[in-house]
């Protein structure tokens, strides 16, 4: 089928190129606007207790945890100085009139805890009655509504400012990564091909694919929510897969041209061999991406949608656009040679078929020599390599998960500066309390019976040594006792104290009230997490129910949601991948070995993520401050993406080994031959993915650095340590068991070949071997 399709593409080559040019030209205007409809959040599970509690607070009390922080600082004035206070009040004097969203101001005069210990810094907390996304979009309007104080330094921070800065930094990171990745990829491809034209084709096709991918995401984002972080991953995957797939097809086409094929025949054979392999490769990547739909986190669903678009466009470009261009270029594929490199590549490709296989595999080939060396000491190599990979993964045992905060942004960003000041000079939890939503099953929350138990519950929490203070309708005035609160709230309208009446009206409506608990410890500390768990396990009495939200509870819930579903996602990937590989290789052992090999490279990259980003090693070189945590979705994204991506190389390698095994029945010789014939091209493809991934390490946002380095490490380890050492060692140890399958199963399994060996005799007039290198 692929062979005939290749013939069809050759005949209609100008039509295919014209179609893609129209698609790319149509996509360009939308590519520039792709970030507009993307969402910044998406890190929470709407079904968790914290998410439901936050939604209940918004519905019942019109309360939002979305707060903007206005930080004021002076080198000469104390925050308690009347002039300091006057300037701060001047800055927000027209805010309520000019800002369109409803807000509440909590200044540092009414809450002295919003003044730093040295008295040089203070902040006003602006609670916005809207979700963080809307508040972030309205931030320019908010800043325009502020007045600049005469002498005080004023900075804007908090959740909405953080979201807005994430959007800006994401755009600049994406641009920088593309600027770095493309020239590096061109240099790598020049080294691989030795020809400017051959090297330019993968970049051209990959770039056109990325344009279509981004435009597609723009359209999809208008139909469903997509996270802004999908953009970075889509670009990374789009460039990586696009270049990889184009590399495989271009290599095969050049090989056929070197052997004297006509352009038409070369295109047809290329599609029937490398084109078919690329299709199966895309399928393995899709399996991993589809597993992300198991999760209820919008970010992961967004990555799944974006990834599926990437794979579809990349495969389509590789098997339609690239062959059409190759058909037009024909023998000019080696035009503009790079001195020295092209001559070496041509000499290798033009050797007789017998030399290309037997001579290189058995005598002079680097990969064949390496595999034979490994197979002489398989147990030693297996134990040493396995131990090394497991040692690399050990740091992951001490992983600490936390949701992203402004610490993922560079120091130069204002929201990051405000965040750092809060952590250094204040109790950061002043703007980030543990929120307890209390509901009564019937009647009003202010009824005397409910007040009785609310008072007991709030004061019980206050006695916990981890608690700094508790704000609620029954603790707002410390001089009042339980009975006095019961009497006062029996008739709210009669309360003379304006502050008390307004507080009750704001935080107690109908059957619901809010209790805010301020921990003495950082929100992500074990102490704060244990405090949340204790509160959740508490009983309030009188039939009232409680739900806990806030950032600490949110992290607990997200991690539980993610890693509760992760085994099911991993099981889906393993079963689906195993099934596909059993169909391809007609073995029940090889697929299992391939899955274990992939898992080991991913485990090693997990450990390195903790070693670098949580523990801070190499932070100076990579230009970031240690996070002291790992964002919980990153390991899951890496697993689902890398499992399919790494499986590509395993499939290409094992298909080579399998072809030789079917011809010779010699396991060791088949491994050497398969390694030699696939080693260079797999290493080249992996190198390009590593280089593209490393270009994202130049990002200012630490999450993007984390993803880029994680992918680079996993692919690098997989293509070197695993493929070069662990695979031949295990293949030698397993021997004929590599190819075992029950006879009954063999009867129903199809004879699937990734490579079309029917086009070229290799061993005289005997069986055929694949030609893709």
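In full-length UniProt numbering, the protein residues as written are 1 to 773. Backbone N, C-alpha and C define an ideal beta-carbon position, used for all residues, glycine too.
Just to check my reading of the structure: residue 310 and residue 213 have Cβ atoms closer than 8 Å, yes? What is that Cβ distance to the nearest angstrom? Walking along the chain shown from the start, residue 310 turns up at place 310. Walking along the chain shown from the start, residue 213 turns up at place 213. With a Cβ gap of about 5 Å, residue 310 and residue 213 count as contacting.
What separation, rounded to the nearest whole angstrom, lies between the Cα atoms of residue 776 and residue 56? The chain is shown from 1 up to 773; residue 776 falls before or after that span and cannot be answered.
Applying the 10 Å Cβ sphere with the 16-neighbour rule, what's the burial state of residue 777? Shown here, the chain extends from 1 to 773; a query on residue 777 therefore has no answer.
What is the C-beta distance between residue 131 and residue 64, in whole angstroms, given that I count them as a contact (C-beta under 8 Å)? Taking the first residue of the chain shown as position 1, residue 131 is located at position 131. Taking the first residue of the chain shown as position 1, residue 64 is located at position 64. Contact between residue 131 and residue 64 holds: CB atoms are separated by about 7 Å, below the 8 Å threshold.
Report yes or no: do the segment 382-398 and the segment 589-607 share at least 3 C-beta pairs separated by less than 8 Å? Because the criterion of three Cβ pairs below 8 Å is met, the segment 382-398 and the segment 589-607 touch.
CB-CB length for residue 77 against residue 92, believed under 8 Å: Mapped onto the chain shown, residue 77 falls at position 77. Mapped onto the chain shown, residue 92 falls at position 92. In this structure, residue 77 and residue 92 do not form a Cβ contact; the two beta carbons are roughly 17 Å apart against a cut-off of 8 Å.
What residue does the beta strand (DSSP E) around residue 439 start on, and which one ends it? Along the chain shown, one-based indexing puts residue 439 at 439. 434-439 is the span of the beta strand (DSSP E), which, as asked, contains residue 439.
Using only the alpha-carbon positions, how far apart do residue 357 and residue 673 sit? Stepping through the chain shown from its first residue, residue 357 is reached at position 357. Stepping through the chain shown from its first residue, residue 673 is reached at position 673. Confidence in residue 357 is poor, its pLDDT being 45 and thus under 50, which makes the residue's placement too unreliable to answer from.
Between the Cα of residue 432 and the Cα atoms of 126, 7, 99, 727, which residue gives the shortest distance? Translated into positions along the chain shown, residue 432 becomes position 432. The shortest C-alpha separation from residue 432 is found at 126.
Please name the residue in 142, 96, 146, 152 whose C-alpha comes closest to that of residue 87. Walking along the chain shown from the start, residue 87 turns up at place 87. It is 152 whose Cα lies nearest to the Cα of residue 87.
Coarse secondary structure for residue 84, derived from DSSP in three states: Along the chain shown, one-based indexing puts residue 84 at 84. Under the three-state reduction of DSSP output, residue 84 falls in the helix class.
Using a 10 Å radius around the Cβ and a threshold of 16 neighbouring Cβ atoms, would you call residue 59 buried or exposed? Locating residue 59 in the chain shown gives position 59, where the first residue counts as 1. Result: exposed.
Assign residue 549 to one of three DSSP states: helix, strand, or coil. Sequence index remark: in the chain shown, residue 549 carries index 549 (1-based). Residue state, collapsed to three classes: strand.
Please state whether DSSP places residue 76 in a helix, a strand or coil. Here residue 76 is taken as the residue at index 76 of the chain shown, counted from 1. In the structure shown, residue 76 falls within a coil segment according to DSSP collapsed to helix, strand and coil.
Quick one: what's residue 517 bridged to in DSSP? The residue labelled residue 517 in the question sits at position 517 within the chain shown. In DSSP, residue 517 forms a bridge with 434, 470.
Residue(s) in a DSSP beta bridge with residue 853: Residue 853 lies beyond the stretch modelled for the chain, which goes from 1 to 773, so this question has no answer here.
Could you tell me whether the Cβ atoms of residue 181 and residue 704 are closer together than 7 Å? Mapped onto the chain shown, residue 181 falls at position 181. Mapped onto the chain shown, residue 704 falls at position 704. A distance of 7 Å or more separates the beta carbons of residue 181 and residue 704.
Whole angstroms is fine: what's the gap from residue 386's alpha carbon to residue 575's? The residue given as residue 386 occupies position 386 in the chain shown. The residue given as residue 575 occupies position 575 in the chain shown. The straight-line gap from Cα to Cα measures roughly 23 Å.
I'd like to confirm the pairing. Which residues does DSSP put opposite residue 179 in its beta bridges? Residue 179 sits at position 179 when you count from the first residue of the chain shown. Per DSSP, none; premise fails for residue 179.
Taking the alpha helix (DSSP H) that residue 52 belongs to, which residues open and close that run? Residue 52 sits at position 52 when you count from the first residue of the chain shown. Residue 52 -> alpha helix (DSSP H) spans 49-61.
Name the two residues that bound the continuous beta strand (DSSP E) containing residue 600. Position 600 of the chain shown holds residue 600. Taken as a continuous stretch (DSSP letters only), residue 600 belongs to no beta strand (DSSP E), being part of the alpha helix (DSSP H) at 590-609.
Using a Cβ-Cβ cut-off of 7 Å (strictly less than) and excluding sequence neighbours within five positions of residue 624, which residues of its own chain qualify? Locating residue 624 in the chain shown gives position 624, counting from the first residue. Here the set comprises 702, 705.
Taking the DSSP output, what are the residues bridged to residue 127? In the chain shown, residue 127 corresponds to position 127, counting from 1. Answer by DSSP bridge pairing, in chain order: 67, 104.
Considering just the uninterrupted stretch of the alpha helix (DSSP H) at residue 235, what are its terminal residues? Counting from one through the chain shown, the residue named residue 235 turns up at place 235. Segment 229-258, the alpha helix (DSSP H) holding residue 235.
Among residues of its own chain, excluding the 5 on either side of residue 359, which ones have a beta-carbon nearer than 6 Å to its beta-carbon? Position 359 of the chain shown, counting from 1, holds the residue named residue 359. Reliability of the predicted coordinates at residue 359 is poor, the pLDDT of 45 falling under 50, and no value is obtained from them.
Supposed contact pair residue 147 and residue 74 - C-beta distance, whole angstroms, cut 8 Å: Counting from one through the chain shown, the residue named residue 74 turns up at place 74. Counting from one through the chain shown, the residue named residue 147 turns up at place 147. 16 Å between Cβ atoms; not a contact.
Report yes if the CB atom of residue 240 is closer than 7 Å to the CB atom of residue 209, and no otherwise. The residue labelled residue 240 in the question sits at position 240 within the chain shown. The residue labelled residue 209 in the question sits at position 209 within the chain shown. Not in contact: residue 240 and residue 209 (Cβ atoms no closer than 7 Å).
Who are the near neighbours of residue 695 in its chain, counting only those whose CB is closer than 6 Å to its CB and skipping five residues on each side? Here the question's residue 695 lines up with position 695 in the chain shown. Excluding positions up to five away in sequence, the list reads 177, 180, 181.
Short of 6 Å in beta carbon distance, which residues of its chain neighbour residue 570, apart from the five on each side in sequence? Order them along the chain. Taking the chain shown and counting its residues from 1, one reaches residue 570 at position 570. Correct list: empty, nothing qualifies.
Whole-angstrom distance between residue 316 and residue 572, CA atom to CA atom: Position 572 of the chain shown, counted from the first residue, corresponds to residue 572. Position 316 of the chain shown, counted from the first residue, corresponds to residue 316. Their Cα atoms are separated by approximately 25 Å.
Opposing strand residues paired with residue 630 [DSSP bridges]: For the purposes of this step, residue 630 is identified with residue 630 of the chain shown, where counting begins at 1. Per the DSSP secondary-structure output, residue 630 pairs in a beta bridge with 401.
Which same chain residues end up closer than 6 Å to residue 650 when comparing Cβ atoms and leaving out the 5 residues on each side of it in sequence? As a working note, residue 650 is residue 650 in the chain shown. Short of 6 Å from the beta carbon of residue 650, and not among the five residues preceding or following it, lie these beta carbons of its own chain, in chain order: 594.
Kindly indicate the opening and closing residues of the alpha helix (DSSP H) around residue 200. Translated into positions along the chain shown, residue 200 becomes position 200. For residue 200, the enclosing alpha helix (DSSP H) begins and ends at 196-221.
How should residue 187 be labelled, buried or exposed, when 16 other C-beta atoms within 10 angstroms of its C-beta is the threshold for buried? As a position in the chain shown, residue 187 is number 187, starting the count at 1. Result: exposed.
For residue 374, which residues does DSSP report across the bridge? Here residue 374 refers to the residue found at position 374 of the chain shown. None; residue 374 has no bridge partner.
With C-beta atoms as the reference, is residue 735 less than 7 Å away from residue 667? Counting from 1 along the chain shown, the entry for residue 735 is found at position 735. Counting from 1 along the chain shown, the entry for residue 667 is found at position 667. Yes, these two residues count as a Cβ contact at 7 Å.
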